[in-house]
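Quick note, the sequences are listed as chains S and G, same order. Residue numbers for the first sequence follow the UniProt record's numbering, so the first one is 1 and each next one is one higher. Residue numbers for the second sequence follow the UniProt record's numbering, so the first one is 1 and each next one is one higher. Beta carbons are placed, not taken as given, at the ideal position from N, Cα and C, and that holds for glycine. Given the structure is predicted, the values throughout are model-derived calculations rather than measurements. Heads up, the thing below is written out as structure tokens.
Protein chains: 2
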Amino acid sequence: MAKSKRRTSQTVTILDVASRAGVSPMTASRVMNNNPRVGEAMRDRVLAAAAELNYRPNLAGRSLRSSNAARIGLLYSNPSAAYLNQLMIGVLEEGSLSGAQILVEKCSGIRSQRAAVQRLLDTGVDGVILPPPLCDSRQTKRELDQANITVVAVATGAPVAGISSVRIDDYQGASAMTQHLLDLGHTAIALIKGDPKHTPAVLRAQGFVDTMARAGLTVPAEHIVPGLFTYRSGLAAASTLLKLKNRPTAILSSNDDMAAAVVAVAHGMGLRVPGDLSVTGFDDTPVATTIWPTLTTIHQPVTAMGRTAVRLMLEEIRCKRSGKPKAGNHQVMKYSLVKRESSAAPPRG
Amino acid sequence: MAKSKRRTSQTVTILDVASRAGVSPMTASRVMNNNPRVGEAMRDRVLAAAAELNYRPNLAGRSLRSSNAARIGLLYSNPSAAYLNQLMIGVLEEGSLSGAQILVEKCSGIRSQRAAVQRLLDTGVDGVILPPPLCDSRQTKRELDQANITVVAVATGAPVAGISSVRIDDYQGASAMTQHLLDLGHTAIALIKGDPKHTPAVLRAQGFVDTMARAGLTVPAEHIVPGLFTYRSGLAAASTLLKLKNRPTAILSSNDDMAAAVVAVAHGMGLRVPGDLSVTGFDDTPVATTIWPTLTTIHQPVTAMGRTAVRLMLEEIRCKRSGKPKAGNHQVMKYSLVKRESSAAPPRG
DNA sequence: CTGAAAGCGCTTACAG
DNA sequence: CTGAAAGCGCTTACAG
Numbered sequence: 001m002a003k004s005k006r007r008t009s010q011t012v013t014i015l016d017v018a019s020r021a022g023v024s025p026m027t028a029s030r031v032m033n034n035n036p037r038v039g040e041a042m043r044d045r046v047l048a049a050a051a052e053l054n055y056r057p058n059l060a061g062r063s064l065r066s067s068n069a070a071r072i073g074l075l076y077s078n079p080s081a082a083y084l085n086q087l088m089i090g091v092l093e094e095g096s097l098s099g100a101q102i103l104v105e106k107c108s109g110i111r112s113q114r115a116a117v118q119r120l121l122d123t124g125v126d127g128v129i130l131p132p133p134l135c136d137s138r139q140t141k142r143e144l145d146q147a148n149i150t151v152v153a154v155a156t157g158a159p160v161a162g163i164s165s166v167r168i169d170d171y172q173g174a175s176a177m178t179q180h181l182l183d184l185g186h187t188a189i190a191l192i193k194g195d196p197k198h199t200p201a202v203l204r205a206q207g208f209v210d211t212m213a214r215a216g217l218t219v220p221a222e223h224i225v226p227g228l229f230t231y232r233s234g235l236a237a238a239s240t241l242l243k244l245k246n247r248p249t250a251i252l253s254s255n256d257d258m259a260a261a262v263v264a265v266a267h268g269m270g271l272r273v274p275g276d277l278s279v280t281g282f283d284d285t286p287v288a289t290t291i292w293p294t295l296t297t298i299h300q301p302v303t304a305m306g307r308t309a310v311r312l313m314l315e316e317i318r319c320k321r322s323g324k325p326k327a328g329n330h331q332v333m334k335y336s337l338v339k340r341e342s343s344a345a346p347p348r349g
Numbered sequence: 001m002a003k004s005k006r007r008t009s010q011t012v013t014i015l016d017v018a019s020r021a022g023v024s025p026m027t028a029s030r031v032m033n034n035n036p037r038v039g040e041a042m043r044d045r046v047l048a049a050a051a052e053l054n055y056r057p058n059l060a061g062r063s064l065r066s067s068n069a070a071r072i073g074l075l076y077s078n079p080s081a082a083y084l085n086q087l088m089i090g091v092l093e094e095g096s097l098s099g100a101q102i103l104v105e106k107c108s109g110i111r112s113q114r115a116a117v118q119r120l121l122d123t124g125v126d127g128v129i130l131p132p133p134l135c136d137s138r139q140t141k142r143e144l145d146q147a148n149i150t151v152v153a154v155a156t157g158a159p160v161a162g163i164s165s166v167r168i169d170d171y172q173g174a175s176a177m178t179q180h181l182l183d184l185g186h187t188a189i190a191l192i193k194g195d196p197k198h199t200p201a202v203l204r205a206q207g208f209v210d211t212m213a214r215a216g217l218t219v220p221a222e223h224i225v226p227g228l229f230t231y232r233s234g235l236a237a238a239s240t241l242l243k244l245k246n247r248p249t250a251i252l253s254s255n256d257d258m259a260a261a262v263v264a265v266a267h268g269m270g271l272r273v274p275g276d277l278s279v280t281g282f283d284d285t286p287v288a289t290t291i292w293p294t295l296t297t298i299h300q301p302v303t304a305m306g307r308t309a310v311r312l313m314l315e316e317i318r319c320k321r322s323g324k325p326k327a328g329n330h331q332v333m334k335y336s337l338v339k340r341e342s343s344a345a346p347p348r349g
């Protein structure tokens with residue numbers, strides 16, 4: 001009846017690939033894992049066979065035999081839902097790929113943090129991934145360290161020597177965004193800072209200040225206002241800035257939530273964005289594309305960072321198990337500046 | 001040195017549990033899987049042993065042996081990032097729990113949709129999960145059907161007989177929200193509808209209209225305005241409603257993005273939310289808690305729905321493999337009304 | 001209701 | 001550079 005009748009995915013195993021290529025399963029396995037010690041000819045034959053058969057390795061089989069099922073905890077404390085979700089996708093994906101088991105724990109106060117760590121320890125995790133803001137908590141890191149648990153910090157602005165981390169270069173990102181506004185012709189650019197307890201907030205502010213200085217511009221003190229990364233703090237900061245006599249023509253906000261607040265306040269005052277005011281965000285969370293105008297922002301590859309965090313973790317766990325102590329691997333991922341509707345040349349006049 | 005020295009999670013297997021409980025591994029396995037054909041005494045002993053040893057089943061082992069590694073595709077086309085993320089978390093979690101492999105494909109236009117389906121078919125998926133709005137695409141469903149692929153629709157307002165689905169009761173949700181506003185004392189309640197091509201939008205509107213009628217209230221025609229589920233369409237709808245002579249005291253928006261837009265417009269006009277105007281959303285996406293005031297909304301258990309979708313899928317695949325054809329299982333999940341800051345009694349006067 | 005045997009798909013060690 | 005053997009942890013049949 002149907003045009004193309006498909007057999008119910010008769011699973012093709014590495015044995016099928018091997019026999020089709022006329023090699024041993026071992027060789028096929030090595031090719032699939034990019035093991036360099038395989039002859040070129042063999043490699044090509046196996047690859048061809050795999051392609052023809054549409055072979056997909058069974059991850060369960062792989063993990064069962066090799067990874068010795070590492071158990072990785074993801075401990076978080078009220079970051080933005082959007083951020084966490086994206087991170088988790090990466091973590092879960094990579095976890096399932098490499099056969100690691102992922103245990104997610106949430107904590108709020110310091111007491112619940114203790115409890116959460118304990119729960120993770122009880123399940124016998126090998127390592128814990130710490131997204132922001134927990135990645136900057138000395139207390140949490142110390143506790144995990146004492147229990148001999150490997151830690152990978154995500155998006156910390158202050159990587160510690162012995163602890164692996166994944167992050168973007170917040171300083172450069174802020175610098176690039178500032179330059180973007182300068183290139184558009186803005187000179188009166190204001191900054192809304194992020195929560196000073198979060199290390200990336202500090203770096204972003206510094207990137208802005210230094211870039212302005214490099215352009216020969218002095219930023220008046222009232223053009224740098226505090227913020228807490230929340231929408232609400234953005235509302236307050238925006239009111240302050242937009243009521244100023246020397247109102248800026250562009251506002252660089254340290255994250256998207258606050259930038260969204262700036263847009264709302266600007267509209268409330270009858271200012272057009274970007275006609276009268278350019279607004280930029282940071283992080284490229286969903287809100288950046290939800291609101292109108294959509295936000296020019298710095299995209300963080302959060303999902304990829306989640307994947308990387310798991311990979312770093314697995315590497316460390318393997319090292320630890322085989323007795324070689326490992327001294328933190330620090331990955332800096334590429335950010336990208338996404339130009340959308342909220343930034344344009346300053347108004348003439 | 002450390003207060004509590006932990007051995008590097010010396011994996012405890014089901015063999016350990018069995019020997020500790022003095023039973024065969026089979027019995028232990030049955031207990032762990034809630035198999036009813038196990039004596040009470042045995043069950044308790046095994047459970048105790050598992051608890052003492054802090055046993056966690058190795059999912060890779062389980063999946064390798066049992067699930068025959070079902071392959072499930074998740075095909076999506078530009079829903080909100082937040083929604084998709086939450087859904088994926090559920091899908092990936094359950095997938096890893098049950099050892100299913102999840103393949104994610106994105107498509108945009110109708111052509112790319114064809115290509116995406118083909119890619120999924122090429123990898124030999126057993127089934128495809130269709131989140132909104134694809135869950136309502138006859139074309140997509142037909143194509144998958146012809147290839148003999150099991151389909152599970154997520155959040156469709158119009159479940160089809162032969163195709164399993166997971167959803168909430170959108171009609172009841174809208175009805176409950178309307179009642180919430182009525183209970184607060186509002187009588188002039190307006191509605192911003194969602195994209196009429198999406199079945200839930202229609203149900204939500206109906207739930208509102210019927211509940212108002214049941215309360216003996218007639219909704220003037222100008223209090224029901226169209227929307228497309230986008231922030232931008234919410235902006236337009238809000239302007240229309242708030243310029244009305246007979247301005248409503250509450251606006252029920254068919255989703256959170258549009259409600260966020262209403263709040264922005266209201267603030268722009270100097271209206272306080274909820275002092276002068278109550279605003280409610282639907283879905284409980286991240287934006288609902290990002291903005292200020294936070295939105296009263298209907299919470300959809302999206303992550304749980306993702307998990308359920310995978311479970312339904314696995315059930316169907318198993319049936320199909322064992323030759324029994326199965327006629328769609330329809331799960332209706334519980335929504336909940338989350339009261340936050342954006343709704344209150346109407347202004348006196 | 002309980003258990004002994006076999007095997008899921010893959011890769012680790014061990015040989016050559 | 002290649003391969004034969006063994007086994008990861010679990011559960012599916014098959015017996016009793």
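Three-state secondary structure assigned by DSSP to residue i
| i | result |
| --- | --- |
| A250/G | strand |
| G281/S | coil |
| H330/G | strand |
| Q300/G | coil |
| G270/S | coil |
| A2/S | Confidence is the limiting factor: at A2/S the pLDDT is only 30, short of 50, which leaves the residue's position unreliable, though a coordinate-based value still follows. A2/S: coil per DSSP, three-state reduction. |
| K141/S | helix |
| Y55/S | coil |
| V46/G | helix |
| A70/S | coil |
| K106/G | strand |
| S165/G | strand |
| Y335/G | coil |
Contacting residues, own chain, Cβ-Cβ under 7 angstroms from residue i (five flanking each side not counted)
| i | result |
| --- | --- |
| D276/G | P347 |
| Q179/G | T211 |
| V265/S | L235, A238, S239 and L242 |
| L312/G | V152, S164, V166, N329 and Q331 |
| P248/G | A188, I189, A190, H223 and L241 |
Same chain, Cβ closer than 8 angstroms to residue i, five either side skipped, listed in chain order
| i | result |
| --- | --- |
| D256/S | G281, F282, D283, D284, T285, V287, A288, L295 and T297 |
| T303/G | Q86, L87, I89, G90 and E93 |
| S4/S | Unreliable positioning characterises S4/S in this predicted model, as indicated by a pLDDT of 32, which lies under 50. A coordinate reading is not provided. |
Distance CB(residue i)-CB(residue j) smaller than 8 angstroms
| i | j | result |
| --- | --- | --- |
| Y335/G | D169/G | yes |
| I102/G | L74/G | yes |
| A147/S | A100/S | no |
| V154/S | A309/S | yes |
| G207/G | S254/G | no |
| S342/S | L181/S | no |
Straight-line gap, residue i to residue j (C-alpha atoms, nearest Å)
| i | j | result |
| --- | --- | --- |
| K106/S | L130/S | 11 angstroms |
| W61/G | L120/S | A quick correction: the sequence has Gly, not Trp, at residue 61/G. Their backbone Cα atoms lie some 22 angstroms apart in a straight line. |
| T150/G | V104/G | 16 angstroms |
| V17/S | S137/S | 49 angstroms |
| R7/G | G22/G | Note that R7/G scores 35 on pLDDT, short of 50, meaning its location in the model is unreliable and no value can be drawn from it. |
| V160/G | L252/G | 28 angstroms |
| A2/G | T11/G | Any reading at A2/G must be qualified, since the residue scores a pLDDT of 31, below 50, and its modelled position is unreliable; the value itself is stated next. Roughly 21 angstroms separates the two Cα atoms. |
| R232/G | I291/S | 7 angstroms |
| A260/G | A250/G | 14 angstroms |
| A50/G | I14/S | 35 angstroms |
| T140/S | I72/S | 16 angstroms |
| L203/S | L244/S | 26 angstroms |
| L92/G | P196/G | 30 angstroms |
| P301/G | I110/S | 28 angstroms |
Contact set for residue i: own chain, Cβ-Cβ below 6 angstroms, skip 5 residues either direction
| i | result |
| --- | --- |
| V31/G | V38, R43 and V46 |
| R56/G | none |
| P133/G | H198 |
| A176/G | L337 |
| A345/G | L184 and G185 |
Presumed contact (8 angstroms Cβ cut-off) between residue i and residue j, rounded CB distance
| i | j | result |
| --- | --- | --- |
| I192/S | V219/S | About 13 angstroms separates the two Cβ atoms, so there is no contact after all. |
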